[in-house]
Amino acid sequence: MIAFFIYMLKSSFCLALLYGFYKLFFASTTRFSLNRWILVGGMLTCLLLPFVSLELEREPLVHSPFILMEEWQEEWEQSVSGTLATGMTERSQKENGYEGWSMLFAGIYLSGCIFVFLQWIAGYIRLFRWINRHEYKVWNGLRWVLYDIPVRSFSWGRYIVINCREYEEHSPVCLHEEMHCRYGHCYDNLLMQLVLVFHWWNPLVWKLKHELSGVHEYQADEGVLNQGIDVKAYQLLLVRKAVGSRLYSMACGFTHSSLKKRISMMSKKRNSKWVRLRVLLAVPLAAGVVYTFARPEMKKTVADYSAVLEMKNQGKKIPGLMTQDAEQRRDTDNLMLDYTSSEKAYVLELYCNQRNQFLFGPKNPVAKKEPVDWETMTDKARKQLTDAFVELYSKKKEKMLPIVVRIVADRNAKMEAITDAKQKLIKAYEVVRRELSETYPQELVDECLIPRFYYASPKAYADVPAGVSDKSIPLPGYEIRFIVDNVEVGELKDFSLDELSSKIKQLCEENQSENFSVSLKIPSDASEGVVYDIKQILRKGYMLRLNLVQGLQN
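Position one of the sequence shown corresponds to residue 1 (our numbering), numbered consecutively onward.
This is the structure in C-alpha cells:
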C-alpha cells in the first residue's frame, strides 16, 4: 500500500506539471489536434514516468521528498520483516497509531475510488439505455438514434443520439456530433474517467478533464466550419442551443464547453505550424522529472567485521572474526560454529555462477541441486527448508540442528546478486518458521530456523587469478571506515589492497582498545572475488590485532 501511495504522489506530481505546461504554452493556441494529443499523450506519460528507474553515481543536488519517502518505505518494510523474523507479536503504541491512520486513509481513498467508479458505471448504464431504447439508422458509416421528443444531442463511439427534426434538416448539430465520432473523442473520455477513478482527490486532474473536453469541442467546431458552414450562423446556433446542461459527462455533446471560449476560438486566427516546436520544451521537463525521481547508486554495506575480545574471569574465550549482516547481529554466537561439520548443522548450499545464475539444495554432493531463478527462489527455498526440518525432526526430536546456508560463488559473480538472493532466503526462513510453528513446538522451530549464512571461498577458473593480480591498483567505488569504541578513527576510499593492509597495521599499532571494527561498502557491480580478497586482508588484520593485544597482556 505504501508503494502505491508513493506512485500516486509521483504521478500526481507529473500531472500537475503537465497542467502547468499545457496552460502556459498551448491552452491559448488554435492547433487543436496538437493540444489534444499533448493532453492525452501527456497523461499516459505521467502515469508511466514513476516507473522509470534511474540510478545516479552521485546523490542528486536536491534530495527530493520522493527519495525520502522510498527510504521510509524500505525502513518500514524492514521493520515489519524484522518483527516477523523475531516472532514478536506485541507492537508499540506508536506503531499501532501509524497503522490505524494508514488504514483510515486507505479506507477513505478506496471509498472515493468506489464512489467515482460506481457513478461512472451508472452514467454509462443511463447512456446506453438512451442508445438502445430506439432502433438506429445508418448514415455516413454512423448509427443515428432518432427521438421525436426534444433531446439534447450527444455521441458515443459510432452512435449519435439526436432529435428527428435536426437529423432531417441536416442541421450543423449533426455535423458537430459526427466530428466527435470521426475524431474518436469518446476514447479520450474513457481514459480520462479511468484516471479520475484513482485520482478523484486531485483537483488538477479534474482541471485536465475540463481542458480536454474543451479541446474536443474546439476541434469539432473546427471540423464543422471546414465543411463550409457560415461562421456567424453557426455561432448564432450555439447561442440558441446554450440552454440547460449536459446529460452525461462521459459522452460528447453539442453544448459541452463554455460558449464564450468556443466563439472566441472560432474567431481567433489560426496559429502558425511553428507553434508545434513548443513541444520540445517537454523534453527537458521530462528529464527533470526523471532526475527528481532518480536515486543515488545503491552501495550496499556488505558486512561489519567486528573484532571484539571477550575476556571472562573463568578462563578466556577464543575470539574469531564475526561476519555480521544487519539481519544476523542477533545471532552472532551461532555464526562462530563450525558449519562444515554435519554433526553441528544441516547445511544447504547456494551456488552463484559468474552469470549470476543460482543453484540451491543440500550440501551433500550426492544430492542434486535445483536451478532457481529470481521469481521462484523464495518458494523453492521454502520447500527445501521445510523438507530439511521435517527430516531433522524425524531423526532428532529433542536436539535439533540449525539449518544454515553455505554460500559459494564464482569470483566474477556479483555481490549485489548474492545479497539480493540472501534477502529472498531470509523471507523463506520467515515463512517456513510461521508455517511450521502451527504444527511443531515453537522452541524447536526457532532453534532450527533462525537465518544463518556463511561464505565459502569463491571458485576460480584457470584463466582467473586466485586473488587480485596487482594489489597496488585502486578499487574504484569501495569505501571502508575504521571504528574504535564507536568512534570513527579512519576512512579509505577507492583504496588498493596494499593501502588497506598498511592502514590496518597502522591503526592496530596506534589503538589499544579491545573494541575495534570496520565497515565496508562496495559498489553495486562488485564481484565476489574482489570482496573475498578484501575480507582476507581484514581477517589477517584481526589476527594481527589479536596478537598485539595478547602481547600487551603478557
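For each residue, glycine too, the CB sits at the ideal point set by N, CA and C.
Reference residue i; option with closest CA among the options
i, options, result
"A575", "P451, E447, P441 and V445", "The question about residue 575 has no answer here: the residues shown for the chain are numbered 1 through 554."
"P203", "A16, V224, E166 and H185", "A16"
"G477", "V518, T439, V530 and R434", "V530"
"A526", "K414, L238 and R481", "K414"
"L47", "L54, M8, G20 and F25", "M8"
"D188", "M43, R262 and N140", "M43"
"N140", "L175, G490 and F516", "L175"
"R143", "I149, L281, H134 and V151", "H134"
"S519", "N511, E488 and D533", "E488"
"L538", "S502, E510, R129 and F32", "S502"
"L39", "V52, F21 and P50", "F21"
"F360", "V195, A409, F117 and M179", "A409"
"A286", "A3, K10 and I2", "K10"
"Q506", "A233, F482, S472 and G107", "F482"
"F25", "N271, Q354 and G107", "N271"
"R355", "N412, T378, E375 and A388", "N412"
"L146", "H170, Y124 and R433", "H170"
Span separating the alpha-carbon of residue i from that of residue j
i, j, result
"T30", "F154", "24 Å"
"V224", "P284", "37 Å"
"V347", "K540", "27 Å"
"E391", "E349", "17 Å"
"K535", "I504", "12 Å"
"N132", "K424", "55 Å"
"S258", "V431", "59 Å"
"E447", "A421", "23 Å"
"R406", "A456", "7 Å"
"C352", "K369", "12 Å"
"W37", "R276", "12 Å"
"K380", "Y454", "20 Å"
"I160", "P172", "14 Å"
"R152", "V279", "37 Å"
"R165", "L18", "42 Å"
"L444", "P458", "33 Å"
"E222", "M266", "7 Å"
"F5", "V205", "17 Å"
"Y218", "H199", "26 Å"
"Y393", "M400", "7 Å"
"D485", "V52", "43 Å"
"L191", "L238", "28 Å"
Cβ neighbour criterion (16 or more within 10 Å) applied to residue i
i, result
"V289", "buried"
"M103", "exposed"
"V372", "buried"
"T439", "exposed"
"A220", "buried"
"N163", "buried"
"I403", "buried"
"K241", "buried"
"E211", "buried"
"H180", "buried"
"Q227", "exposed"
"K395", "exposed"
"H185", "buried"
Secondary structure of residue i, DSSP reduced to three states
i, result
"R452", "coil"
"Y532", "helix"
"N353", "coil"
"I229", "coil"
"K299", "Any reading at K299 must be qualified, since the residue scores a pLDDT of 42, below 50, and its modelled position is unreliable; no value is offered."
"K363", "coil"
"D221", "helix"
"E509", "helix"
"G41", "helix"
"A381", "helix"
"M322", "Confidence is the limiting factor: at M322 the pLDDT is only 33, short of 50, which leaves the residue's position unreliable, though a coordinate-based value still follows. In this structure, M322 counts as strand in the three-state DSSP scheme."
"S11", "helix"
"Y187", "helix"
"K260", "helix"
"K521", "strand"
"R411", "coil"
"K493", "strand"
"F358", "strand"
"L348", "strand"
"E375", "coil"
"S272", "coil"
"E443", "helix"
"I473", "coil"
"V52", "coil"
Test: residue i CB closer than 8 Å to a CB of chain D
i, result
"R129", "Judged by its chain identifiers, the structure shown contains no chain D, having just a single protein chain."
Query raised in the report: Counting only runs that start and end within the stretch 102 to 172, where is the alpha helix (DSSP H) found for 4 or more residues in a row?
Result: If only complete runs of 4 or more residues are kept, the stretch 102 to 172 shows the alpha helix (DSSP H) at 164 to 168, in order along the chain.
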